[in-house]
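Residue numbers (my numbering), protein chains in the order written: chain A, 675 to 818; chain B, 675 to 818; chain C, 675 to 818; chain D, 675 to 818.
Each residue gets a CB set at the ideal place from its N, CA and C atoms; glycine is no exception.
One structure is given here, and the rest of the page talks about it.
Protein chains: 4
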Amino acid sequence: MNKVVLIGRLTKDPELRYTPGSGTAVTTLTLAVDRRFTKDTQQKEADFIPVVVWGKSAESTAQYMSKGKLMGVSGRIQTRSYEAKDGGRRYVTEVVAEEVQFLEWGAKGQNSGEGGFGGYGKEDSGFGSSFDDMTPVDDGEIPF
Amino acid sequence: MNKVVLIGRLTKDPELRYTPGSGTAVTTLTLAVDRRFTKDTQQKEADFIPVVVWGKSAESTAQYMSKGKLMGVSGRIQTRSYEAKDGGRRYVTEVVAEEVQFLEWGAKGQNSGEGGFGGYGKEDSGFGSSFDDMTPVDDGEIPF
Amino acid sequence: MNKVVLIGRLTKDPELRYTPGSGTAVTTLTLAVDRRFTKDTQQKEADFIPVVVWGKSAESTAQYMSKGKLMGVSGRIQTRSYEAKDGGRRYVTEVVAEEVQFLEWGAKGQNSGEGGFGGYGKEDSGFGSSFDDMTPVDDGEIPF
Amino acid sequence: MNKVVLIGRLTKDPELRYTPGSGTAVTTLTLAVDRRFTKDTQQKEADFIPVVVWGKSAESTAQYMSKGKLMGVSGRIQTRSYEAKDGGRRYVTEVVAEEVQFLEWGAKGQNSGEGGFGGYGKEDSGFGSSFDDMTPVDDGEIPF
DNA sequence: TTTT
DNA sequence: TTTT
Chain A
675 MNKVVLIGRL TKDPELRYTP GSGTAVTTLT LAVDRRFTKD TQQKEADFIP VVVWGKSAES
735 TAQYMSKGKL MGVSGRIQTR SYEAKDGGRR YVTEVVAEEV QFLEWGAKGQ NSGEGGFGGY
795 GKEDSGFGSS FDDMTPVDDG EIPF
Chain B
675 MNKVVLIGRL TKDPELRYTP GSGTAVTTLT LAVDRRFTKD TQQKEADFIP VVVWGKSAES
735 TAQYMSKGKL MGVSGRIQTR SYEAKDGGRR YVTEVVAEEV QFLEWGAKGQ NSGEGGFGGY
795 GKEDSGFGSS FDDMTPVDDG EIPF
Chain C
675 MNKVVLIGRL TKDPELRYTP GSGTAVTTLT LAVDRRFTKD TQQKEADFIP VVVWGKSAES
735 TAQYMSKGKL MGVSGRIQTR SYEAKDGGRR YVTEVVAEEV QFLEWGAKGQ NSGEGGFGGY
795 GKEDSGFGSS FDDMTPVDDG EIPF
Chain D
675 MNKVVLIGRL TKDPELRYTP GSGTAVTTLT LAVDRRFTKD TQQKEADFIP VVVWGKSAES
735 TAQYMSKGKL MGVSGRIQTR SYEAKDGGRR YVTEVVAEEV QFLEWGAKGQ NSGEGGFGGY
795 GKEDSGFGSS FDDMTPVDDG EIPF
């Protein structure tokens, strides 16, 4: 059993790539998730969690999400390792999305300033989109 | 282990009560949670999940949430039974919230028509509020 | 978003049926999940959560699980209603399994008394089985 | 919202330490969690997830869990960074336990061979222990 | 109607 | 650096 649910904001615009082999879409992003217990002595009050999205959802995420937008993710924790430039082994722990839900909309460039929208609600005819059509892909194919 | 996470919309305004004994606040509501696999033959495409919120969060929920607003809930599934008016035993399965997150704001009456707000985003100075200060209370005290 | 994870014990042997239409296997069971906060004044210290398992996992569950065995389940909460014999509408809230994990093994009849096994560990060559091949089926097909 | 549930086996005996400041107990361990979709081409079929347990549960975990034992954990994902010996910044993503459940028992040294116990079931008078009395502690206090 |  |  390996289950994760996150609600947080993108720290940057998501990055969409395609695997060299099968050409599967894969989007990477980092979610800033606010902590509940913000002790005053605790300087950092959010966790910055790396997320990987595969398949059609990867493309939707890259299209509709951008820096600062709110997003729900469910999935699992994955660990992998790679060789760093200094020859050392680095260990990566990240969340592989199984379902994504857009809680605020807005592509990159939108909503930046004078009056773009950005809310998510009745007025915007927005609704939480939920995707689940991701194709898990072999680890070896990850292009990063 | 008994863990639940939901994101959904209130089907009605939340109902705030206080326990007869200790006077603890308790709010009940129903979340409509959209299903992911909407097969065309499937007429109902949401689940309507009863949620109970205790303590300070109960009051926040009653204050800031209303019909149609989007809300995140984590908690656990609780079952209990009661005697119906016809003398039969009824079994209730509901979610007891441990943490609530308001993904859209707006009290009852707000946002109804001409131009109230309702979005949740930077423009609205909105941010996802997360509460966790609920006091679990004895089953017997539930006033419904 | 609608996610549930449970670890609990079967209150009875699971019941395996097949849908009239497509003949899909469906197993129903109830998990007794111990509560964490057992206040002394609280007489009931477990929740009894109805679970539905579909497809190949339904058959595995019926085959390997029995009353008292420990089981992990992940899935989602589903609500539905039906007409009771007295003509009244009854509302059901249950967990639909997406993944099951057998934490103790033992078919019905096994492990009952003089020395059957029942543990789950190295000695039993047991390992946690995890299934995910369930076929969601139309609500209307549920044969109960 | 930041929720995690894991069921997996300890890759090594857990390590119990105490924070220099307040003397709070903290146990670190790694859970090997089997993946569901084991594609044949995929050499690694488990994720190795670092877990931190605080407080009284830290001591229980160190006392009752050991290499190979099966354990359930719920909690949240935490990220932090530290300076490596080579001067570079390293980023750590780990799970902070909020609840632990021992699905197999056995201290270090026990269950090693000829006939130690290790199962978890009626025969062993075992029952799933669930702890939740952990005291979250300041990041700066983590002694590693 | 409940499990250890 | 990994468990069954």
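Rounded to whole angstroms, the Cβ separation of Val-726 (chain A) and Glu-768 (chain A) is 6 Å, and the two are in contact under 8 Å. Using beta-carbon distances, Ser-748 (chain D) counts as an interface residue toward chain B, with a partner under 8 Å.
Glu-689 (chain B) is bridged by DSSP to B:Thr-702. In this structure, the beta-carbon distance from Thr-685 (chain C) to Lys-741 (chain C) falls below 8 Å. Counting along the chain, Ser-734 (chain B) sits inside the alpha helix (DSSP H) bounded by residues 730-738. Looking at A:Met-745, A:Arg-709 and A:Glu-719, the one whose alpha-carbon comes closest to that of Glu-773 (chain A) is A:Met-745. Excluding its 5 nearest sequence neighbours in each direction, Asp-687 (chain D) has C-beta neighbours in its own chain below 6 Å: Ser-740, Lys-741 and Lys-782, listed in chain order. Sorting D:Gly-762, D:Pro-694, D:Ala-736 and D:Lys-677 by C-alpha distance to the C-alpha of Thr-702 (chain D) places D:Ala-736 at the top. Close to Phe-722 (chain B), with beta-carbon spacing below 7 Å, are these residues of chain C in chain order: Thr-753. Taking a beta-carbon distance threshold of 8 Å, Val-679 (chain A) counts as an interface residue toward chain B. According to the DSSP assignment, Glu-773 (chain B) belongs to the beta strand (DSSP E) that extends over 763-776. Here Met-745 (chain D) is bridged, per DSSP, to D:Gly-682 and D:Phe-776. Straight-line spacing of the CA atoms in Tyr-756 (chain A) and Arg-763 (chain A) works out to 6 Å. Under the DSSP definition of a beta bridge, Ser-755 (chain B) partners with B:Tyr-765. At the C-beta level, Lys-743 (chain B) and Gly-695 (chain B) stay beyond 8 Å of one another. With a contact defined as Cβ atoms closer than 8 Å, Val-700 (chain B) and Trp-728 (chain B) qualify at about 6 Å. In this structure, Ile-723 (chain B) lies near Thr-704 (chain B), with their beta-carbon atoms less than 8 Å apart.
Taking the CA atoms as reference points, Gly-761 (chain D) sits about 19 Å from Val-766 (chain A).
Counting other Cβ atoms within 10 Å of its Cβ, Glu-689 (chain A) stays below 16 and is therefore classed as exposed. Identification of chain D residues near Glu-773 (chain C) by a Cβ-Cβ cut-off of 7 Å yields Arg-710, ordered along the chain. Within the DSSP secondary-structure output, Arg-750 (chain B) pairs in a beta bridge with B:Val-770.
Under the Cβ distance rule, Met-675 (chain D) counts among the residues neighbouring chain A, one pair being separated by less than 8 Å. A check of alpha carbon separations from Tyr-738 (chain C) across C:Phe-776, C:Arg-750, C:Thr-753 and C:Arg-710 identifies C:Phe-776 as the nearest. Distance from the CA of Ala-720 (chain B) to the CA of Lys-759 (chain D), rounded to the nearest whole angstrom, comes to 53 Å. The residues Leu-705, Ala-706 and Val-707, in chain order, have a CB closer than 6 Å to that of Gly-682 (chain C) in the same chain once the five nearest residues on each side in sequence are set aside. Going by C-alpha positions, Ala-732 (chain A) is about 21 Å away from Arg-710 (chain D). Lys-782 (chain C) sits in coil when the DSSP states are folded into three classes, being neither helix nor strand. Take Asn-676 (chain C), set aside five residues on each side of it, and the residues of its chain with a beta-carbon closer than 8 Å to its own are Arg-750 and Ile-751, in chain order.
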